[in-house]
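See below for the structure under consideration.
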Amino acid sequence: MAKPLEYNATLSERIDVTDALTIFKIAPDKQPDKRPWFVPGQYCVLGMNNADKPELGGVRRSMSIASAPEDEGPTEFYVRWVAKPESENPLTHQLWKLKAGDRMYMRPVAAGVFTVPDTIGADDPRIRVMVAAGTGSAPFVSMLRSELRRDPNADLSRWVLLHGASYPADLGYRDELHALVQNHKLHYFGTVSRPKEAHGWTGDVGRVEAYFEPARLTDLEARIGLLPGGFTPKNVVIYICGLTGTITGTIIPLFDRAFIPDFKRIREALGVPEDVKDSVFYEQYDTEPVIDIKDAAVVAPLRERIQTALARV
Ligand SMILES: Cc1cc2nc3c(=O)[nH]c(=O)nc-3n(C[C@H](O)[C@H](O)[C@H](O)COP(=O)(O)OP(=O)(O)OC[C@H]3O[C@@H](n4cnc5c(N)ncnc54)[C@H](O)[C@@H]3O)c2cc1C
Numbered sequence: 007m008a009k010p011l012e013y014n015a016t017l018s019e020r021i022d023v024t025d026a027l028t029i030f031k032i033a034p035d036k037q038p039d040k041r042p043w044f045v046p047g048q049y050c051v052l053g054m055n056n057a058d059k060p061e062l063g064g065v066r067r068s069m070s071i072a073s074a075p076e077d078e079g080p081t082e083f084y085v086r087w088v089a090k091p092e093s094e095n096p097l098t099h100q101l102w103k104l105k106a107g108d109r110m111y112m113r114p115v116a117a118g119v120f121t122v123p124d125t126i127g128a129d130d131p132r133i134r135v136m137v138a139a140g141t142g143s144a145p146f147v148s149m150l151r152s153e154l155r156r157d158p159n160a161d162l163s164r165w166v167l168l169h170g171a172s173y174p175a176d177l178g179y180r181d182e183l184h185a186l187v188q189n190h191k192l193h194y195f196g197t198v199s200r201p202k203e204a205h206g207w208t209g210d211v212g213r214v215e216a217y218f219e220p221a222r223l224t225d226l227e228a229r230i231g232l233l234p235g236g237f238t239p240k241n242v243v244i245y246i247c248g249l250t251g252t253i254t255g256t257i258i259p260l261f262d263r264a265f266i267p268d269f270k271r272i273r274e275a276l277g278v279p280e281d282v283k284d285s286v287f288y289e290q291y292d293t294e295p296v297i298d299i300k301d302a303a304v305v306a307p308l309r310e311r312i313q314t315a316l317a318r319v
């Protein structure tokens, strides 16, 4: 049996975006000694004991931080209820029972290298295209908020957030992000994959990775101020966050533009020379392989595509 967790935090507030998407604001008993106490893009570990079945003990899961590291007060997380859990003690099913004031576990340190300083470095002038499905927008919300906390007049025109969800109501943080478009030149596009059920929706449709299909890439280039053909690692760096499908669906079409994922075994399988820099960084919420590099039938055509693209640049 997993050992029960010792609770060290309190749920300050929950905002139910929909029945299955909730923003949790959590206050650890011991507040950070100094702020900023993490780097935007990092995650914390949250945990709960199973009150109904104590024999199952505690469950802990990683969750990206959505608040800015400069913010006072509780730490914010954007969480999806997992309808078909893989474990017999899913954390999200415990979280959904919580109300403000309830106790829980939050590991009081942040972890992870899905951050601008750990990838390209803060001074890199390229356009940052952030690709998220569902709650994968959390680390990007943190990054954007942090830009504003450090400079209330920040120009966000180099930041592009592409956010996919099933329905418009699932596009959490939409109002806040639209305000950043209006006031700080953020490029933000929400896209819904079930438009037939979304009456009145006039935004983009399809899954978020569809922005990178060859037929649509020219349109994206125009929207973010690039010339046709300009969507290459020379001008753009890609961050992806979410489940495998979003990551695979984004990196494969971008092989044709010579974008290289920051994943050693994929680089090696595709024969990417060591001196070619990574230009796609991802945070994966599940454990499915992004590309089955053991399958020669999968690898061979991708290898050819990337070698052709690299020969062009
Ligand atoms: C670094 C990192 C950051 C994460 N940040 C977030 C976050 O900000 N918000 C968030 O909602 N989740 C996040 N996750 C996923 C989270 O850790 C859990 O896997 C998820 O909440 C399911 O846990 P569970 O115990 O309820 O279900 P379990 O039955 O224990 O299922 C775990 C499995 O569910 C699958 N899964 C994970 N996430 C989802 C999902 N969104 N939809 C469908 N299936 C899923 C995966 O295969 C995972 O292995 C993050 C994961 C990692 C590794």
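Positions in the sequence shown are counted from 1; adding 6 to them yields the numbering used here. Every residue gets a Cβ at the ideal spot worked out from N, C-alpha and C, and that includes glycine.
| N-terminal and C-terminal residue of the alpha helix (DSSP H) that PHE261 is part of | 250-261
| Cβ contact (3+ pairs, closer than 8 Å) linking the region 231-245 and the region 127-134 | yes
| field | Delimiting residues of the alpha helix (DSSP H) encompassing ARG151 | value | 144-156
| field | ALA144 beta carbon near ligand 1 (any heavy atom closer than 7 Å) | value | yes
| Per DSSP, cross-strand counterpart(s) of ASN55 | GLY64
| task | Scan the region 106-143 and note each continuous beta strand (DSSP E) run of 3 residues or more that stays entirely inside, going in chain order. | result | 109-112, 133-139
| query | Should ILE297 be labelled buried (16 or more other beta-carbon atoms within 10 Å of its own) or exposed? | reply | buried
| Looking at PHE269 and ligand 1, is the gap between the Cβ and the nearest heavy atom below 7 Å? | no
| Quick one: what does DSSP say PHE218 is sitting in, helix, strand or coil? | helix
| said: Helix, strand or coil, according to DSSP, for ALA26 in the structure here? | reply: coil
| request: Tell me whether the beta-carbon of HIS193 lies closer than 8 Å to the beta-carbon of VAL211. | output: no
| query | If you draw a straight line from the C-alpha of ARG318 to the C-alpha of MET110, how long is it? | reply | 53 Å
| request: Taking 8 Å as the threshold, find out whether the region 199-211 comes into contact with the region 94-102 through three or more Cβ pairs. | output: no
| Excluding the five sequence neighbours on either side, which residues of its own chain have a C-beta within less than 8 Å of the C-beta of PRO91, listed in chain order? | THR98, HIS99
| DSSP three-state assignment for VAL304, whether helix, strand or coil | helix
| message | By the three-class DSSP mapping on this structure, what secondary structure does GLU94 have? | response | coil
| field | With 16 other Cβ atoms within 10 Å as the buried cut-off, status of GLN48 | value | buried
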